[in-house]
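Q: Input: one structure, supplied below.
Protein chains: 2
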Amino acid sequence: MGRPPMEKRSRVPEPTISRLATYFRCLAELQDQQVAVVSSEEIAFRAGVKASQFRKDLSYFGEFGVQGLGYPVPHLLRRVSSILQLDQAHKVALLGAGNLGTALAGFPGFSRWGFQILWIFDASPAKVGQSINQIVVESSSALPRPLGADLGILAVPTQAAREAAQLLVDSGVTALLNFTGAHLHLGPQVTVRNVDLTHELAVLAYHATQLQKAVDP
Amino acid sequence: MGRPPMEKRSRVPEPTISRLATYFRCLAELQDQQVAVVSSEEIAFRAGVKASQFRKDLSYFGEFGVQGLGYPVPHLLRRVSSILQLDQAHKVALLGAGNLGTALAGFPGFSRWGFQILWIFDASPAKVGQSINQIVVESSSALPRPLGADLGILAVPTQAAREAAQLLVDSGVTALLNFTGAHLHLGPQVTVRNVDLTHELAVLAYHATQLQKAVDP
């Protein structure tokens, strides 16, 4: 049950990390429903993957379930939570206090999982000084270095994205959630996850049309 | 150069469709930068995949580039756009007129790619009758059947998600973009794409911590 050494852990493939976050969400749901034990088949079904994939993903981090008995939900939830560092608080800086930024600042899912938005910055003097969820919006031109944030969220207009991202990186942020359409290259030290809403709609458009063709070819 | 028959196209793997949407975004950027011809290596680099992956994804849809000469950007952009049905308008219904819904209604990327939000529904009497981006918010309890929307966007609180999703499905929507944390099972006729913001932060939290360990083990 020991934690494998760092050298091994750092070779965990990116899709495995992404799926672990999905397993975490499914396990949290099961915990909420007071389910005590879960099979790999059940959790894989909920996560939309094969049971063999689920077991392979877990195998990077040691042994978990008991053969034939399934996985104790609270234990597995704690382990996955620990792997993803969701068992500790993360300080988040938000850039952009428009509608999207305001929606994100009030998003209840963040605080439940330990993500605390502690700073909100905006370039517009009209926004600076306003309060959003009890946080006073500060001017992004006065972003402190170092800021002390673990994660940054970029919710500015696309044309302002590169400059805003650089401000966050200069303040010491190494992990960025990017809601703009900009393609950011911030060097090997910075991880960027893109939430590309148009991308998601494009995939849906393809499926919607395929379904219409299947019904009425 | 002909379009393969439907039977072949319907076997296109899901990740290929998702990557095609990424290629589309990269091609639109190249077009904006007035780049005429692009190599598979260049576009793959921009999309964050291997060149061999890019070529394999395209191969599902016939022949594109000219060996050794690369891909003409305007032509490839039109073809990918046509595969993803981004060359036609899509009527979108939005459920939820809170901060997130308001941000989405004003998102410029949607209209550029042919996604037109034509309806906004909300359950709250306080929201009904208000205008967002020149669209009057209607009551979700009066959602017409059929509505005539191609796509639905779910931007309601998580606890209202299942009921709201069912309203959209009952109105004839077969493709849903889900911003709530709810796990929706809407049957084989409905495609759901989840935008799980906490999921993205969880993946970032893992990377941020790995980077900190690498610097200060």
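Chains A and B, in that order, give the protein sequences.
Residue numbers 5 to 221, in my numbering, belong to the letters of the first sequence in order.
Residue numbers 5 to 221, in my numbering, belong to the letters of the second sequence in order.
Glycine residues also receive a C-beta, built at the ideal position from the N, C-alpha and C atoms.
1. Which residue spans inside the segment 37-118 of chain B form an unbroken beta strand (DSSP E) run of at least 3?
2. Determine, using beta carbons only, whether ALA48 (chain A) comes closer than 7 Å to chain B.
3. Quick one: does ASP149 (chain B) have its CB under 7 Å from some CB of chain A?
4. Provide the residue(s) that pair with ILE136 (chain A) in DSSP beta bridges, ordered along the chain.
5. Counting only C-beta atoms, is PHE65 (chain B) closer than 7 Å to chain A at any point?
6. Go through its chain and collect everything with a Cβ distance to ARG13 (chain B)'s Cβ below 6 Å, but skip five positions before and after it.
7. Could you give the first and the last residue of the continuous alpha helix (DSSP H) run that contains ALA168 (chain A)?
8. Which residue marks the beginning of the beta strand (DSSP E) containing ALA179 (chain B), and which one marks its end?
9. Is it buried or exposed, GLY105 (chain A), if we count other Cβ atoms within 10 angstroms and call 16 or more buried?
10. Pick helix, strand or coil for LEU147 (chain B), following the three-state DSSP scheme.
11. Given a cut-off of 7 Å, decide if ARG197 (chain B) and GLU204 (chain A) are closer than it, judged by their beta-carbon atoms.
12. Give me the chain B residues within the contact set of GLN89 (chain A), using Cβ-Cβ distance strictly less than 7 Å, ordered along the chain.
13. Between which two residues does the beta strand (DSSP E) harbouring GLY152 (chain A) extend?
14. With 7 Å as the threshold, decide whether the Cβ of LEU172 (chain A) is near any Cβ in chain B.
15. Please go through the same chain and pick out, in chain order, the residues whose beta-carbon is closer than 7 Å to the beta-carbon of GLU45 (chain B), but skip the five residues on each side of it.
16. Under 7 Å, do LEU188 (chain B) and ASN182 (chain B) count as touching if we go by C-beta distance?
17. If the cut-off is 7 Å on Cβ atoms, which residues from the segment 16-39 of chain B count as contacting chain A, listed in chain order?
18. Out of curiosity, what's the CA-to-CA distance linking LEU171 (chain A) and LEU147 (chain A)?
19. If we define contact as Cβ-Cβ less than 7 Å, is PHE119 (chain B) a contact residue for chain A?
20. Could you check the C-alpha separation between ILE121 (chain A) and SER144 (chain A) for me, to the nearest Å?
21. Given 8 Å as the limit, is there contact between the segment 102-117 of chain B and the segment 127-143 of chain B, that is, 3 or more CB pairs closer than that?
22. Whole angstroms is fine: what's the gap from TYR75 (chain B)'s alpha carbon to PHE68 (chain B)'s?
23. Using the C-alpha atoms, what's the distance from LYS60 (chain B) back to GLY66 (chain B)?
24. Tell me whether HIS79 (chain B) is buried or exposed, calling it buried when 16 or more other Cβ atoms sit within 10 Å of its Cβ.
25. Does any CB atom of chain B fall closer than 7 Å to the CB of ASN103 (chain A)?
26. Applying the criterion that 16 or more other CB atoms from any shown protein chain within 10 Å of the CB defines a buried residue, is SER85 (chain A) buried or exposed?
27. I want to verify the contact list: residues of chain A whose CB lies under 7 Å from the CB of GLU204 (chain B), in sequence order.
28. Cβ closer than 8 Å: which chain A residues qualify as neighbours of GLY110 (chain B)?
29. Just the C-alpha distance for TYR64 (chain B) and GLN193 (chain B), rounded to the nearest angstrom, thanks.
30. Give the C-beta separation of LEU208 (chain A) and VAL177 (chain A) to the nearest angstrom, bearing in mind that I take them to be a contact with Cβ-Cβ under 8 Å.
31. To the nearest angstrom, how far is the alpha carbon of ASP128 (chain B) from that of ALA153 (chain B)?
32. Check the Cβ of LEU188 (chain B) against every Cβ in chain A and list those closer than 8 Å, keeping chain order.
33. Is LEU80 (chain B) close to chain A, meaning its C-beta is less than 7 Å from at least one C-beta of that chain?
34. Would you list the residues sitting across from VAL196 (chain B) in a DSSP beta bridge?
35. Let me know the secondary structure DSSP gives THR213 (chain B) once reduced to three states.
36. Go ahead and label GLY6 (chain B) buried or exposed: buried means 16 or more other beta carbons lie within 10 angstroms of its beta carbon, across all protein chains shown.
A: On the basis of the data shown:
1. Runs found: 94-99.
2. Within the first sequence, residue 48 (chain A) is the residue found at index 44, counting from 1. For ALA48 (chain A), the answer is no, since every Cβ of chain B falls outside 7 Å of its Cβ.
3. Within the second sequence, the letter at position 145 stands for residue 149 (chain B). Residue identity differs from the one stated: residue 149 (chain B) is Arg in this sequence, not Asp. Taking Cβ atoms only, chain A never reaches closer than 7 Å to ARG149 (chain B), which makes this a no.
4. Here residue 136 (chain A) refers to the residue found at position 132 of the first sequence. Listed as beta-bridge partners of ILE136 (chain A) by DSSP are A:ILE139.
5. Position 61 of the second sequence holds residue 65 (chain B). Not a single C-beta of chain A is nearer than 7 Å to the C-beta of PHE65 (chain B).
6. As a working note, residue 13 (chain B) is residue 9 in the second sequence. Note on ARG13 (chain B): pLDDT 46, under 50, position unreliable in the model; no value is reported.
7. Within the first sequence, the letter at position 164 stands for residue 168 (chain A). Run containing ALA168 (chain A): 165-174, per the alpha helix (DSSP H) assignment.
8. Working through the second sequence from its first residue, we reach residue 179 (chain B) at position 175. In the DSSP assignment, ALA179 (chain B) falls within the beta strand (DSSP E) that extends over 179-182.
9. Along the first sequence, one-based indexing puts residue 105 (chain A) at 101. So GLY105 (chain A) ends up on the buried side.
10. Residue numbering aside, residue 147 (chain B) sits at position 143 when the second sequence is read from its first letter. LEU147 (chain B) falls in the coil class under three-state DSSP.
11. Along the first sequence, one-based indexing puts residue 204 (chain A) at 200. Along the second sequence, one-based indexing puts residue 197 (chain B) at 193. Yes, these two residues count as a Cβ contact at 7 Å.
12. Taking the first residue of the first sequence as 1, we reach residue 89 (chain A) at position 85. Those are ALA209, TYR210 and THR213, listed as they occur along chain B.
13. Counting from 1 along the first sequence, the entry for residue 152 (chain A) is found at position 148. If you look at GLY152 (chain A), you'll find it isn't in any beta strand (DSSP E); DSSP assigns it neither H nor E.
14. Stepping through the first sequence from its first residue, residue 172 (chain A) is reached at position 168. For LEU172 (chain A), the nearest beta carbon of chain B is not closer than 7 Å to its own beta carbon.
15. On the second sequence, position 41 is the one that residue 45 (chain B) refers to. The beta carbon of GLU45 (chain B) sits closer than 7 Å to the beta carbons of ALA55 from its chain, once the five residues preceding and following it are set aside; these are given in chain order.
16. Locating residue 188 (chain B) in the second sequence gives position 184, where the first residue counts as 1. Locating residue 182 (chain B) in the second sequence gives position 178, where the first residue counts as 1. Cβ distance < 7 Å, so LEU188 (chain B) and ASN182 (chain B) count as in contact.
17. Residues ILE21, SER22, ALA25, THR26, PHE28, ARG29 and GLU33.
18. Locating residue 171 (chain A) in the first sequence gives position 167, where the first residue counts as 1. Locating residue 147 (chain A) in the first sequence gives position 143, where the first residue counts as 1. C-alpha of LEU171 (chain A) to C-alpha of LEU147 (chain A): approximately 7 Å in a straight line.
19. Mapped onto the second sequence, residue 119 (chain B) falls at position 115. When Cβ-Cβ separations below 7 Å define contact, PHE119 (chain B) makes contact with chain A.
20. Start at 1 with the first residue of the first sequence, and residue 121 (chain A) comes out as number 117. Start at 1 with the first residue of the first sequence, and residue 144 (chain A) comes out as number 140. Annotation: ILE121 (chain A) to SER144 (chain A) spans about 15 Å, alpha carbon to alpha carbon.
21. Segments in contact, yes.
22. As a working mapping, residue 75 (chain B) is identified with position 71 in the second sequence. As a working mapping, residue 68 (chain B) is identified with position 64 in the second sequence. Roughly 7 Å between the two C-alpha positions.
23. For the purposes of this step, residue 66 (chain B) is identified with residue 62 of the second sequence, where counting begins at 1. For the purposes of this step, residue 60 (chain B) is identified with residue 56 of the second sequence, where counting begins at 1. Cα to Cα, GLY66 (chain B) sits roughly 10 Å from LYS60 (chain B).
24. One-based indexing of the second sequence puts residue 79 (chain B) at position 75. It is exposed - the Cβ of HIS79 (chain B) has fewer than 16 other Cβ atoms within 10 Å.
25. Residue mapping note: residue 103 (chain A) aligns to position 99 of the first sequence, counting from 1. Residue-level contact by beta carbon holds for ASN103 (chain A) and chain B, with a gap shorter than 7 Å.
26. On the first sequence, residue 85 (chain A) is found 81 positions in, with the first residue counted as 1. Burial call: buried.
27. As a first step, residue 204 (chain B) must be located in the second sequence, where it is residue number 200. Here the neighbours are LEU181, ARG197 and VAL199.
28. For the purposes of this step, residue 110 (chain B) is taken as the residue at position 106 of the second sequence. Against chain A, a Cβ distance below 8 Å from GLY110 (chain B) picks out ASN103.
29. In the second sequence, residue 64 (chain B) corresponds to position 60, counting from 1. In the second sequence, residue 193 (chain B) corresponds to position 189, counting from 1. TYR64 (chain B) and GLN193 (chain B) have their alpha carbons spaced roughly 23 Å apart.
30. Position 204 of the first sequence, counting from 1, holds the residue named residue 208 (chain A). Position 173 of the first sequence, counting from 1, holds the residue named residue 177 (chain A). In fact, because the Cβ distance is near 31 Å, the residues do not count as touching under 8 Å.
31. As a first step, residue 128 (chain B) must be located in the second sequence, where it is residue number 124. As a first step, residue 153 (chain B) must be located in the second sequence, where it is residue number 149. The question names Asp, but residue 128 (chain B) is Ser in the sequence shown. C-alpha separation (whole angstroms): 22 Å.
32. Mapped onto the second sequence, residue 188 (chain B) falls at position 184. Within chain A, no C-beta atom comes less than 8 Å from the C-beta of LEU188 (chain B); the nearest is roughly 12 Å away.
33. As a first step, residue 80 (chain B) must be located in the second sequence, where it is residue number 76. It does not: the Cβ of LEU80 (chain B) has no partner Cβ on chain A nearer than 7 Å.
34. Within the second sequence, residue 196 (chain B) is the residue found at index 192, counting from 1. In DSSP, VAL196 (chain B) forms a bridge with B:LEU180.
35. Taking the second sequence and counting its residues from 1, the one referred to as residue 213 (chain B) is at position 209. It is helical.
36. In the second sequence, residue 6 (chain B) corresponds to position 2, counting from 1. A caution first: GLY6 (chain B) carries a pLDDT of 40, below 50, which makes its placement in the model unreliable, though a value can still be read off. When all chains shown are included, GLY6 (chain B) counts as exposed.
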